[in-house]
Amino acid sequence: MEEVGFLGLGIMGKAMAMNLLRHGFKVTVWNRTLSRCDELVEHGASVAKTPAAVVKKCKYTIAMLSDPSAALSVVFDKDGVLEEICSGKGYIDMSTVDADTSSKISEAITSKGGSFLEAPVSGSKKPAEDGQLVILAAGEKALYEEAIPAFDVMGKKSFFLGQVGNGAKMKLVVNMIMGSMLNAFSEGLVLADRSGLNPQTLLDVLDLGGIANPMFRMKGPTMIQNSYSPAFPLKHQQKDMRLALALGDENAVSMPVAAAANEAFKKARSMGLGDLDFSAVFEAVKGPEKSS
Ligand SMILES: NC(=O)C1=CN([C@@H]2O[C@H](COP(=O)(O)OP(=O)(O)OC[C@H]3O[C@@H](n4cnc5c(N)ncnc54)[C@H](OP(=O)(O)O)[C@@H]3O)[C@@H](O)[C@H]2O)C=CC1
Ligand SMILES: O=CCCC(=O)O
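Heads up, the sequence shown is in our numbering, so the first residue is 1478 and it goes up one at a time.
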């Protein structure tokens, strides 16, 4: 089997790379904080010291990085992907970024003869661990086809959405809806509590009705215990709301619900909750306790 490169071993990247190893892929990893590679090495991965060194060794390289600035830095900075990408090699960015960032990376990679695919994912830490992500790919179709065995290991379904930018946009639309829903859910939990209802009973009622969904089912019980161990860091959800709102600006789409949700995520960040799970927006929505 060909060697696959993997850049970025955060919550998602670590689980995704681990799945590749578990299914027999040969994987060379790199992470900015190199010590985070150790656990992967224990499971059979090789390590390279720079993104360029990973690309040099591998037929195609996957990246899973925090945001547009990280995605650009790993490609364009010294020792970055661009130094070694060339004809016959592919680069697959699975980070959640905006279409402009993805296009910049695509143009740079293809101008050096490499092929590029964006492939952000829907699904969080547990689906990443279980190989149950939904992959939203766009770009070079031949690279998509080459990567299908890896996508099949990391995900339960892959979509090919056409030209570069479409995967990024689809991902931002999905997360904009998700972030808005989580705010409405948080407001409902506060309203139930402050009006004398049992929030657990609200969760039970919601779960039996037409708006039951896996997110309410998974996050509700931990939210009412004020427990926010990060599966999807709140700072990343706020980044996605910001990028989705910018996409709305570009297309003159009014999104007052998403704009209000973004404010709540920003407030949560200002309260120092950015590294907690995005469900910690509940703390910002709670605000001060009810006065008598
Ligand atoms: N967690 C989730 O549920 C999901 C996340 N996503 C998206 O996936 C991406 C990764 O998320 P997640 O794994 O949760 O995030 P983490 O914060 O856990 O990991 C971020 C990764 O990016 C690296 N990184 C950050 N800045 C830089 C930089 N300037 N240069 C090089 N590397 C950098 C980090 O390296 P270091 O270890 O050195 O800090 C780390 O490997 C994000 O775009 C997120 O929006 C998509 C779906 C679900
Ligand atoms: O981008 C993060 C998505 C998290 C999820 O789908 O639960």
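Even glycine gets a Cβ: it sits at the ideal position worked out from N, Cα and C.
Following the continuous alpha helix (DSSP H) through residue i, name the residue where it begins and the one where it ends.
i, result
"residue 1672", "First-last for residue 1672: undefined, no H or E at that position."
"residue 1616", "No alpha helix (DSSP H) holds residue 1616; the beta strand (DSSP E) holding it covers 1610–1616."
"residue 1578", "1576–1588"
"residue 1481", "Where residue 1481 is concerned, there is no enclosing alpha helix (DSSP H), although the beta strand (DSSP E) it sits in stretches over 1480–1484."
"residue 1602", "1602–1607"
"residue 1547", "1545–1553"
"residue 1676", "1676–1684"
Where residue i and residue j are concerned, what is the direct C-alpha to C-alpha distance, given to the nearest angstrom?
i, j, result
"residue 1547", "residue 1675", "43 Å"
"residue 1523", "residue 1755", "32 Å"
"residue 1724", "residue 1650", "9 Å"
"residue 1700", "residue 1687", "21 Å"
"residue 1667", "residue 1762", "8 Å"
"residue 1545", "residue 1552", "11 Å"
"residue 1654", "residue 1525", "38 Å"
"residue 1746", "residue 1608", "30 Å"
"residue 1514", "residue 1530", "15 Å"
"residue 1571", "residue 1670", "39 Å"
"residue 1697", "residue 1606", "21 Å"
"residue 1589", "residue 1559", "8 Å"
"residue 1490", "residue 1541", "5 Å"
"residue 1680", "residue 1693", "8 Å"
Quick check on the burial criterion: 16 or more other C-beta atoms within 10 angstroms. Buried or exposed for residue i?
i, result
"residue 1519", "exposed"
"residue 1604", "buried"
"residue 1505", "buried"
"residue 1729", "exposed"
"residue 1563", "exposed"
"residue 1678", "exposed"
"residue 1510", "exposed"
"residue 1703", "exposed"
"residue 1565", "exposed"
"residue 1706", "exposed"
"residue 1600", "buried"
"residue 1478", "exposed"
Say yes only if the C-beta of residue i is nearer than 7 Å to one or more non-hydrogen atoms of ligand 2, and no if none qualify.
i, result
"residue 1652", "yes"
"residue 1600", "yes"
"residue 1658", "no"
"residue 1742", "no"
"residue 1699", "no"
"residue 1631", "no"
"residue 1578", "no"
"residue 1655", "yes"
Using DSSP bridges, identify the partner residues of residue i.
i, result
"residue 1568", "1538 and 1593"
"residue 1503", "1480"
"residue 1651", "According to DSSP, residue 1651 bridges with nothing at all."
"residue 1754", "1710"
"residue 1523", "1505"
What first and last residue would you give for the beta strand (DSSP E) that runs through residue i?
i, result
"residue 1704", "Counting along the chain, residue 1704 falls outside any beta strand (DSSP E), and DSSP gives it neither H nor E."
"residue 1709", "Where residue 1709 is concerned, there is no enclosing beta strand (DSSP E), given that its DSSP letter is neither H nor E."
"residue 1731", "Neither: residue 1731 is in no beta strand (DSSP E) and is coded neither H nor E."
"residue 1635", "1632–1637"
Is any non-hydrogen atom of ligand 1 found closer than 7 Å to the C-beta of residue i, if you look at the structure I gave you?
i, result
"residue 1582", "no"
"residue 1509", "yes"
"residue 1717", "yes"
"residue 1709", "yes"
"residue 1547", "yes"
"residue 1539", "no"
"residue 1544", "yes"
"residue 1694", "no"
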